[in-house]
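To keep things clear, I will list the structure first and then write my remarks on it.
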Amino acid sequence: MQAFYMYPCLYLTKEETERFDGDFQGCLESFLRGENHRVEGIALASSCLLMNREWFLQLGGFDEQFVGHGGEDLELIDRLTRHYPIGPRPDDYALNIKAQHPGDYQGFRRYFSYYALPHLFAGRFLVHQWHPRPLTHPYHKRRANNDQLLEQMLARSEAERGPLKGPVVPCDDLGGELPEFREWMIRLQEEAGYPVSEYPGLLRWQEGVQRKRPLWRKLRKLYLNPRAFFRDMFKPTSR
Numbered sequence: 001m002q003a004f005y006m007y008p009c010l011y012l013t014k015e016e017t018e019r020f021d022g023d024f025q026g027c028l029e030s031f032l033r034g035e036n037h038r039v040e041g042i043a044l045a046s047s048c049l050l051m052n053r054e055w056f057l058q059l060g061g062f063d064e065q066f067v068g069h070g071g072e073d074l075e076l077i078d079r080l081t082r083h084y085p086i087g088p089r090p091d092d093y094a095l096n097i098k099a100q101h102p103g104d105y106q107g108f109r110r111y112f113s114y115y116a117l118p119h120l121f122a123g124r125f126l127v128h129q130w131h132p133r134p135l136t137h138p139y140h141k142r143r144a145n146n147d148q149l150l151e152q153m154l155a156r157s158e159a160e161r162g163p164l165k166g167p168v169v170p171c172d173d174l175g176g177e178l179p180e181f182r183e184w185m186i187r188l189q190e191e192a193g194y195p196v197s198e199y200p201g202l203l204r205w206q207e208g209v210q211r212k213r214p215l216w217r218k219l220r221k222l223y224l225n226p227r228a229f230f231r232d233m234f235k236p237t238s239r
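In structure tokens:
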């Protein structure tokens with residue numbers, strides 16, 4: 001068995017959550033078509049992990065410096081990839097920048113996606129049901145602090161990180177070299193029978209699809225993470 005498996009996760013809309021009947025494939029194809037009425041987003045680098053329990057405990061489990069929502073799963077994946085590197089880490093690895101579409105991924109999210117994307121087209125993925133996220137709840141208010149902590153931890157040098165807690169077993173899925181991400185993603189998608197001309201969802205919304213950006217979501221982001229809010233104001237849109 002591999003050191004770990006990481007599976008993509010589709011985030012269902014509120015409406016789809018209320019009527020979801022187990023149609024995983026229908027949700028996937030809707031998202032790949034660039035629609036947003038069933039699925040509002042995807043996480044290739046997700047916390048949907050499969051690994052041996054003893055290996056998890058040997059690594060020390062989740063880092064308890066993370067309190068509240070976010071960060072602890074990605075920090076664990078970072079440690080897992082140190083023991084099971086799929087290729088050299090890019091210079092922008094420590095960047096903690098989210099993107100609506102995987103084609104725009106940067107930093108560690110793009111690196112982690114090399115492990116996860118093949119599972120998507122093999123039908124191995126999960127769905128996340130919509131649920132309310134009260135802005136005033138302490139669990140969610142910790143998100144910005146956790147994001148900052150994660151960035152600091154991922155930016156550390158190997159010397160600063162300390163010794164590994166087990167063997168290093170390189171992942172040879174890609175021969176030790178990372179292909180250009182967007183080109184690789186498009187190739188896998190088209191080999192799976194989803195031509196980008198008909199299924200642009202990993203790169204952009206379908207033409208004519210109304211982007212859902214309610215005011216409450218913008219205000220939420222401004223409140224929880226003002227630095228990311230103003231940074232994303234000037235980020236170019238998906239190609």
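Following UniProt numbering, the numbering of the sequence shown begins with 1 at its first residue and continues without gaps.
In this text, a Cβ means the ideal position worked out from N, Cα and C, and glycines have one as well.
- A distance below 6 Å between beta-carbons, with the five flanking residues on each side excluded, links Q148 to no residue of its chain.
- Looking only at R79, L32, N96 and R19, the smallest Cα-Cα distance to R143 is reached by N96.
- Taking the Cβ atoms as the reference, Y105 lies roughly 16 Å from L174, outside the contact range of under 8 Å.
- A residue is called buried once 16 or more other Cβ atoms fall within 10 Å of its Cβ, and Q189 is buried on that count.
- With a beta-carbon spacing of about 6 Å, L10 and F31 fall inside the 8 Å limit used to define contacts.
- Under the three-state reduction of DSSP output, C171 falls in the coil class, being neither helix nor strand.
- The beta carbon of E151 sits closer than 7 Å to those of A94 and N96, all from its chain and outside the five residues before and after it, given in chain order.
- If you draw a straight line from the Cα of P8 to the Cα of Q129, it comes to about 14 Å.
- By the CB criterion at 8 Å, F125 and L202 fall outside the cutoff.
- Counting every other CB atom within 10 Å of its CB across the protein chains shown gives D78 a total of 16 or more, marking it as buried.
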